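Last residue of the sequence shown: 795 (the numbering used here), numbering continuous. Built from N, CA and C at the ideal position, the CB exists for glycine as well. None of the values given here were measured: they were computed from a predicted structure. Below: one structure, written as structure tokens.
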Amino acid sequence: MERIPKNYTSNPNFTPANAAKAFSAAKGQCKWACAMDDFDKLVKVVAPKKATLADAEGQYNEVMTVLQAKQAKLMDKMETLEQRLDRSVKEKTRLEDEVEFGTKKLERAEKLIGGLRGKKGRWTQSTTVLGDAYVKLTWDMLISVGVNSYVGAFTMALHDILIDQGHRHPAMIEHFANPNFCQKKSQTHNDTAE
């Protein structure tokens with residue numbers, strides 16, 4: 602390739618027009634030689650640029666490989682963070698709902714306690730009275746059955762005397778929940794006798 606510029610194209614008279622004057626077929630050969638010389642010059646200019654481009658593309662590919670790996674890691678991390686964010690938002694919503702529910706429950710409990718506070722004394726007194734009555738209930742029932750069984754066969758006059766004497770007995774007074782127990786039982790007996 603070095604012979605063409607050295608021997609032919611470097612001569613200013615080597616042109617297709619001058620070659621056509623000498624021989625018509627030489628015109629085509631002259632064009633071909635000039636084109637080859639131009640191609641050789643371009644190759645010599647482009648070849649280093651192609652090598653530089655190939656080197657730059659190699660570096661670019663390496664950088665892109667590293668970049669894609671880092672992007673993949675970043676996307677994974679971002680997806681993980683988005684999932685954590687979703688879970689945290691759901692947990693926050695759940696906790697806010699629980700706080701709201703607990704607050705409402707607490708308000709209702711405070712209202713209930715406020716309403717019950719005034720009834721505490723009455724309930725304490727009722728509990729004491731009912732507790733004593735409950736303890737003496739068994740005695741009331743036992744004595745009631747005994748009295749009805751025993752005095753049921755007697756006349757009303759004798760019946761009233763027996764109940765009156767039994768009612769005044771200290772053991773009876775101590776165990777009866779209701780001091781008027783014998784009188785009530787007597788009235789019940791009278792109602793059933795009539």
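Check: So, helix, strand or coil for F640, using DSSP?; Outcome: helix
Check: Thinking C-alpha only, which one of P617, Q684 and P649 is nearest A636?; Outcome: P617
Check: In whole angstroms, what separates the C-alpha of M665 from that of A652?; Outcome: 19 Å
Check: According to DSSP, is A734 part of a helix, a strand, or is it coil?; Outcome: helix
Check: Under 7 Å, do V752 and L763 count as touching if we go by C-beta distance?; Outcome: yes
Check: Going by the beta-carbon positions, is the gap between K628 and A621 smaller than 7 Å?; Outcome: yes
Check: Tell me the DSSP secondary structure of K721 in three-state form.; Outcome: helix
Check: Quick check: the Cα distance between K786 and V748, rounded to an integer number of angstroms?; Outcome: Confidence at K786 is low in this model, with a pLDDT of 45, below 50, so its placement is unreliable and no value can be given for it.
Check: Exposed or buried, A634, counting other C-beta atoms within 10 Å across all chains shown (16 or more means buried)?; Outcome: buried
Check: Hey, could you find the ends of the alpha helix (DSSP H) A754 is sitting in?; Outcome: No alpha helix (DSSP H) holds A754; DSSP gives it neither H nor E.
Check: Taking 8 Å as the limit between beta carbons, can you name the residues of its chain near W724, skipping five residues before and five after?; Outcome: none
Check: Can you say whether I874 is buried or exposed, counting buried as having 16 or more other CB atoms within 10 angstroms of its CB?; Outcome: Coverage of the chain is limited to positions 602 through 795, which leaves residue 874 absent and any answer about it impossible.
Check: Just to confirm my understanding: we take H760, look at its own chain, exclude 5 residues before and 5 after, and list those with CB closer than 6 Å. What are they?; Outcome: V752
Check: Compute the Euclidean distance between the alpha carbons of E699 and R688, then round it to the nearest angstrom.; Outcome: 16 Å
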